[in-house]
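One structure below.
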Amino acid sequence: MVKHLLTGKEFDRSAVERLFDLAASLKSGRGKPGAPKPLAEKSIGMIFAKSSTRTRVSFEVGIHELGGQPVFLDEGKTQMGRGESVPDTARVLSRYLHGIVIRTFEQKEVEGLAENGSIPVINALTNEFHPCQALTDLFTIYEKTGKFDGVKMTYLGDGASNMANSLMQVSKIAGIHFEICAPAEFRPDAAIMAEKLGTGTVNWSTDPANALRDADFIYTDVWVSMGFEKEAADRLRILKPYQLNWQRLAMAKPDVKVMHCLPAHRGEEITDDVMDSTHAIVFDEAENRLHVQKAIMMTLMGD
Ligand code: CP
729 MVKHLLTGKE FDRSAVERLF DLAASLKSGR GKPGAPKPLA EKSIGMIFAK
779 SSTRTRVSFE VGIHELGGQP VFLDEGKTQM GRGESVPDTA RVLSRYLHGI
829 VIRTFEQKEV EGLAENGSIP VINALTNEFH PCQALTDLFT IYEKTGKFDG
879 VKMTYLGDGA SNMANSLMQV SKIAGIHFEI CAPAEFRPDA AIMAEKLGTG
929 TVNWSTDPAN ALRDADFIYT DVWVSMGFEK EAADRLRILK PYQLNWQRLA
979 MAKPDVKVMH CLPAHRGEEI TDDVMDSTHA IVFDEAENRL HVQKAIMMTL
1029 MGD
């Protein structure tokens, strides 16, 4: 039984299907009488060390809609920010809360909370992984196509990012083909590429024309993620040939869908004409964060 969501690998294909069935029913039943309240009388801590719009709001709203109480903690204003250890923090928070959602820099902090506490922990983004976003993206793909088998998603840009890592994992679990088109400087993590997780396949290539051929979905993300600001000039220069513009869009299937986890840096990784076109499903992805995360919390914290 899944207890935490730390990387995204915790859910196998059948668990992903159950999660998405639940997310779809929460989406269609939102605001209607009889909507489930499995977090009633429960308090969920939200530790954030990085900025957020979508993740913070969708979790706070989701916890409220499931009957629970969100407790927002700016990590820098807690004693963790002044050096209290992760294990001690985990033991203390487990005495008050019924679950923790955490967005931070180091993956080991998330893992440390899970190992030393006694309540479920959800990774809401680290430098290494962003599983809530990746699972939501997969849900959105399923919502648009009704299938995973035979689906090709091409990722353009920083292949070494947290989104690339998480999308590699969930794509393999679900069974889609995930093509990462990235320069050698930002090639995908070899160990994550090699992991055996399901029937899906992952490939790394550097030529957008080849990578985009027959793509059903194109995915892109910011070139300078939070925590990598010092590398901004080099990143913008190296990743420029991987911009998602109209010329690149035309290399994929005529009805290709465009995905982006947002926020977008328009004019850098994606152009306005693509972002504002009918191909873009980026705001559906943003909305689906709410429904998928509610399903994740019901599964892990709802008992
Ligand atoms: N996609 C995403 O995680 O958005 P926020 O940084 O706004 O939470």
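First residue of the sequence shown? That's 729 in my numbering, and the numbers climb one at a time after it. Glycine included, each C-beta is placed from N, C-alpha and C at the ideal position.
In the structure shown, proline 916 adopts coil according to DSSP, grouped into three states. At least one heavy atom of the ligand CP falls within 7 Å of the beta-carbon of glutamine 861.
Taking the Cβ of threonine 832 as the reference point, every heavy atom of the ligand CP lies at 7 Å or farther away. The ligand CP approaches arginine 782 closely enough that one of its heavy atoms is under 7 Å from the residue's Cβ. Closer than 7 Å to some heavy atom of the ligand CP: that describes the Cβ of leucine 990. A straight-line Cα-Cα distance of about 8 Å links glutamate 834 and glutamate 856. When the beta-carbon positions are compared, asparagine 851 and valine 814 stay at least 8 Å from each other. With 16 or more other CB atoms across the displayed protein chains lying within 10 angstroms of its CB, alanine 818 is buried.
Of Val984, Lys760, Leu733 and Pro761, the smallest CA-CA separation from isoleucine 1009 is found for Val984. Look at isoleucine 847 here: in three-state DSSP terms it is coil, with no helix or strand label. Valine 744 is classed as buried because its beta carbon has at least 16 other beta carbons within 10 Å across all chains shown.
Between valine 1020 and leucine 863 a beta carbon distance of about 6 Å is seen, short of the 8 Å cut, so the two are scored as contacting.
Rounded to the nearest whole angstrom, the CA to CA distance from phenylalanine 739 to isoleucine 920 is 16 Å.
Spanning the alpha carbons of isoleucine 901 and threonine 999 requires a straight line of approximately 31 Å. Between lysine 731 and proline 848, the CB-CB gap stays under 8 Å. Counting C-beta pairs with one atom in each stretch, the segment 875 to 888 and the segment 794 to 808 have fewer than three that are closer than 8 Å, which means they do not touch.
Isoleucine 772 is not a Cβ neighbour of leucine 821, given a cutoff of 8 Å. Segment contact: the segment 934 to 943 against the segment 954 to 967, fewer than three CB-CB distances shorter than 8 Å; contact not assigned. DSSP places isoleucine 1009 in no alpha helix (DSSP H); its state is neither H nor E. Between methionine 979 and leucine 940, the CB-CB gap stays under 8 Å. For methionine 881, the pairing in a beta bridge is given by DSSP as Phe906 and Phe945.
Taken from the Cβ of leucine 841, every heavy atom of the ligand CP lies 7 Å or farther away. The beta carbon of leucine 853 sits closer than 7 Å to at least one heavy atom of the ligand CP. Excluding its 5 nearest sequence neighbours in each direction, tyrosine 870 has C-beta neighbours in its own chain below 7 Å: Phe748 and Phe876, listed in chain order. Using a 10 angstroms sphere on the CB of methionine 1029, the tally of other CB atoms reaches 16 or more, which defines it as buried. The beta-carbon distance between serine 780 and arginine 831, rounded to whole angstroms, is 6 Å. This is short enough to meet the 8 Å contact definition.
Taking 8 Å as the cut-off, the beta carbon of glutamine 971 is found closer than this to the beta carbon of glutamate 997. The shortest C-alpha to C-alpha distance from methionine 987 to any of Asn1016, Ile966 and Leu967 is the one to Asn1016. If you compare the alpha carbons of Gln897, Ile946, Asn938 and Asp917 with that of threonine 929, the shortest gap goes to Gln897.
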